[in-house]
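Residue numbers (my numbering), protein chains in the order written: chain A, 351 to 710; chain B, 351 to 710.
These notes concern the structure reproduced below.
2 protein chains.
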Amino acid sequence: MRISAIGEFALIERIRSILPRPHDAILDIGDDCAALRPTAGKDLLLTTDLLVDGVDFTPQTITPFRLGRKAMGVNLSDIAAMGGLPRAALVTLAIPPDEEIEFVDELYRGLREEGARFAVEVIGGDLSASSTLMIGVTLVGEVEAGKAVTRSGAKPGERIWVTGRLGAAAAGLVALKAGCRLRDNRIETPFEASDSLQEAIRQAIERHLCPIPRIREGRTLAEAGAASAMIDLSDGLASDLAHLCRESGVSATIREDRIPIDQTASAIARRFGQEPLTLALQGGEDFELLFTSSWEPADIAAIFPDAAAATAVGTVEEAGYGCRLEQRDGRTVTLTGGYDHFRHQQERMRNQDPVLHRHW
Amino acid sequence: MRISAIGEFALIERIRSILPRPHDAILDIGDDCAALRPTAGKDLLLTTDLLVDGVDFTPQTITPFRLGRKAMGVNLSDIAAMGGLPRAALVTLAIPPDEEIEFVDELYRGLREEGARFAVEVIGGDLSASSTLMIGVTLVGEVEAGKAVTRSGAKPGERIWVTGRLGAAAAGLVALKAGCRLRDNRIETPFEASDSLQEAIRQAIERHLCPIPRIREGRTLAEAGAASAMIDLSDGLASDLAHLCRESGVSATIREDRIPIDQTASAIARRFGQEPLTLALQGGEDFELLFTSSWEPADIAAIFPDAAAATAVGTVEEAGYGCRLEQRDGRTVTLTGGYDHFRHQQERMRNQDPVLHRHW
């Protein structure tokens, strides 16, 4: 059945029935505002991120359930990047009236599922008709007063670290653009692929469609006071490192041989004649954390017992150089690139690219 | 110049230069999250409202400056309806890459202007390319702990009140649909109109394009503890009274002869052969406050010295009747109507109505 057949108020009731009654809110859906009681001694963190059909996703490659998870996940990642703990979400949905109600059901189930992993509930929002589908999430989080980890605290001499491994989300996008699809957790490829390549493609697409917000890692760093600056990798390592350097007023050099490339990214890059390093540096949406620290590697290892949890990739330097990559051959090149919503989108409109994602 | 020519990051810098540096935020635009320190003893209020091109406005009838003011104003009104004080805003903008940069400049000037009237600053947000223009504002406000005025507190026997006068915003929309335009505060009509009708049309269109959030009135009611339930009139008196009754589990009767109809609404209704009462009951976007109170009229008058500030329009009754209108002739009719985003929007798409607003 279509949304227009039941109307706005029945749809709101339907959404209320899908969402759990928030245990943490004073007021939730059904009033002019939602209300929360702040925790004493904490600062509020506020972030909002919008996913737009044709720019940030295409319904052809993502189910509404995963889209809901992603819309929540990308916002959770912003809270993680401040060392915060997320608390509650507002969800804005702009949707064509001829869309199926089941689409909305699945979208909110995805939002609920991803939120529940981090004890976050949807406590309010807004619905509107629109010719373009759009999902906006606003997240409220908290962090110990004065302890938010910003982008602007990096100091020359510190090490630059990343959590996890990079390039898988970009590799997943390469696979989607090549016609691979994830259906009910099974992978479909329009070409012959070995079991191991199929598994790499499945993992990479899964990673592209459902980011893993590094809330736990961000909290560990904030509680230990280990990170001087932090940002999440949404636009790509090259671009996000540049943001951090600009806000901190520093330069940075990272070493090619230190960049932890995800093995699915390597396998997929090989298959499609791409450079794994490019996927790791320029591909966005890994949603790992990039942070700087004056701590010795042994001390970072003490708070992250899993050696793969964080890798030192370079050093912060005095302002003036921008961001540089020290290659395996010892040469140093300037890092450029990263995603620009408006420029890339205009190119896309010119090219009429049928699979459109924000990072290409 | 077009947005795509300068790109996302230059556009963000441009927006930062238009917005005042927030005095009230710990962190603002330029980090993964904005940060605020909550006021001790207060609860947080959170609300979000989205304006969509072709649904909530048309660029043909509203300047980007007024659109910015309206996007902020409709959210301020939600904080007013809880008796709260607004603190800070996040702004989400989805915009076609071929839009002019000056459009964005003017939009943010409007957001800044309307926010400044209530000491609210834009402390964060998100930008995305989109084929459909959309502006979303999320507002954070505060209210004394446990003192938010909800929709659910109305009790049988209480009086029902509205602030200000009703119907002007709907009358403004009637005038816009008839081809009247407001340009640089001068009115243009495609027909002969007396000076007084022109002035009525100017005021009504102004009211439609720039709502007046009743923050002061809402605070007065909350501080005095006078209102048992409250809602802002965004969908229309008939519809919003029904929301309040449903959440409170009560019925309501309002009296036709008590409804304070704005005189511009009466003048415009006469000119276009419409019923002023219909504009006041069914027309939305007046953004006055509807509240219930056990207080005597003399006590309400004591907190609102201006007699036009609030008018008693009816009484709360036991559940079971819904919302009724007692007409001048003594007969009682059931109140129906109000705006439904999805149903109205589908009708619009069928009719290809060139002037599209959410309340018709």
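Idealized CB from N, CA, C, for every residue including glycine.
Please read these numbers as outputs of a predicted model, since none were measured by experiment.
Cβ of residue i within 8 Å of Cβ of residue j?
i: F692 of chain B; j: I353 of chain A; result: yes
i: L457 of chain B; j: I485 of chain B; result: yes
i: L631 of chain B; j: V512 of chain B; result: no
i: A619 of chain B; j: P610 of chain B; result: no
i: V454 of chain B; j: V487 of chain B; result: no
i: P563 of chain A; j: G670 of chain A; result: no
i: P561 of chain A; j: F468 of chain A; result: no
i: L426 of chain A; j: A498 of chain A; result: no
i: A572 of chain A; j: W645 of chain A; result: no
i: S502 of chain A; j: E597 of chain A; result: yes
i: V683 of chain B; j: R608 of chain B; result: no
i: I650 of chain B; j: A660 of chain B; result: yes
i: P388 of chain B; j: P388 of chain A; result: yes
i: R569 of chain A; j: V490 of chain A; result: no
i: A520 of chain A; j: A421 of chain A; result: no
i: T500 of chain B; j: L369 of chain A; result: no
i: E667 of chain B; j: V600 of chain B; result: yes
i: I510 of chain B; j: T665 of chain B; result: yes
i: L483 of chain A; j: D476 of chain B; result: no
i: H558 of chain A; j: L594 of chain A; result: no
i: I451 of chain A; j: I356 of chain A; result: yes
i: A574 of chain B; j: I653 of chain B; result: yes
i: T603 of chain A; j: R681 of chain A; result: no
i: E358 of chain A; j: R419 of chain A; result: no
i: G460 of chain A; j: R416 of chain A; result: yes
Tell me whether residue i sits in a helix, a strand or coil according to DSSP, three-state version.
i: R531 of chain B; result: strand
i: R437 of chain B; result: strand
i: W710 of chain B; result: Bear in mind that a pLDDT of 25 at W710 of chain B, under 50, signals an unreliable position, so the model cannot answer this.
i: M484 of chain A; result: strand
i: L587 of chain A; result: helix
i: E625 of chain A; result: coil
i: V405 of chain A; result: coil
i: L685 of chain B; result: coil
i: L675 of chain A; result: strand
i: L426 of chain B; result: helix
i: E538 of chain B; result: strand
i: G474 of chain B; result: strand
i: T397 of chain B; result: strand
i: R700 of chain B; result: Low confidence applies here, because R700 of chain B scores a pLDDT of 46, under 50, leaving its location unreliable; read the following figure in that light. Residue state, collapsed to three classes: helix.
i: L571 of chain A; result: helix
i: L386 of chain A; result: strand
i: L526 of chain A; result: helix
i: I362 of chain B; result: helix
i: L489 of chain B; result: strand
i: L729 of chain B; result: Lying outside 351 to 710, the shown extent of chain B, residue 729 of chain B is not represented and no answer is given.
i: H373 of chain A; result: coil
Report the partner residues of residue i according to the DSSP bridge assignment.
i: R352 of chain A; result: A:E450
i: A479 of chain A; result: A:I445
i: I510 of chain A; result: A:T642 and A:G664
i: T614 of chain B; result: For T614 of chain B, which the question treats as bridged, DSSP gives no partner whatsoever.
i: D381 of chain B; result: B:I379
i: E494 of chain A; result: A:K392
i: S601 of chain A; result: A:E667
i: M580 of chain B; result: B:F641
i: L516 of chain A; result: A:I611
Flag residue i as yes when its Cβ comes closer than 7 Å to any non-hydrogen atom of the ligand SAM, and as no otherwise.
i: A469 of chain B; result: Ligands are entirely absent from the displayed structure, and the ligand SAM is therefore not among its contents.
At a CB-CB cut-off below 8 Å, which residues of chain E make contact with residue i?
i: G433 of chain B; result: The structure shown contains no chain E; the protein chains it does contain are A and B.
Are the segment 431-439 of chain B and the segment 378-389 of chain A in contact at 8 Å, needing three or more beta carbon pairs?
yes
Which residues of the segment 667-680 of chain A have a Cβ closer than 9 Å to any Cβ of chain B? Give them in chain order.
Residues of the segment 667-680 of chain A with a Cβ closer than 9 Å to any Cβ of chain B: none.
Kindly confirm or deny that the segment 511-526 of chain A and the segment 579-593 of chain A touch, where touching means at least three C-beta pairs closer than 8 Å.
Cβ pair count under 8 Å is three or more, so yes.
Counting only Cβ-Cβ distances shorter than 8 Å, please list the residues of the segment 542-564 of chain A near chain B, keeping chain order.
The segment 542-564 of chain A vs chain B, Cβ under 8 Å: nothing.
Given 8 Å, three or more beta-carbon pairs between the segment 400-408 of chain A and the segment 466-473 of chain A:
No: fewer than three Cβ pairs fall under 8 Å.
Contact set between the segment 435-468 of chain A and chain B, restricted to residues whose Cβ is under 8 Å from the partner:
A438, L440, T442, A444, P447 and D448
According to a CB-to-CB cut-off of less than 7 Å, which residues of the segment 371-386 of chain A neighbour chain B?
I376, L377, G380, D381, D382, C383, A384, A385 and L386
The segment 468-483 of chain B: which residues have C-beta closer than 8 Å to a C-beta of chain A, in chain order?
Within the segment 468-483 of chain B, contact with chain A at the beta-carbon level (separation under 8 Å) is assigned to I473, G474, G475, D476, L477, S478, A479, S480, S481 and T482.
Scan the segment 576-597 of chain A for residues whose Cβ lies nearer than 7 Å to a Cβ of chain B and list them as they occur along the chain.
I581, D582 and E597
Name, going along the chain, the residues of the segment 386-413 of chain A whose beta-carbon falls closer than 9 Å to a beta-carbon of chain B.
So the list reads L386, R387, P388, T389, A390, K392, D393, L394, L395, L396, T397, T398, D399, L400, L401, V402, D403, G404, V405 and D406, given in the order they occur along the chain.
Contacting positions in the segment 359-371 of chain A - beta carbon closer than 8 Å to chain B:
Taking 8 Å as the Cβ-Cβ cut-off, the segment 359-371 of chain A approaches chain B at F359 and L361, given in chain order.
Residues in the segment 622-637 of chain A with C-beta within 8 Å of chain B's C-beta atoms, listed in sequence order?
none
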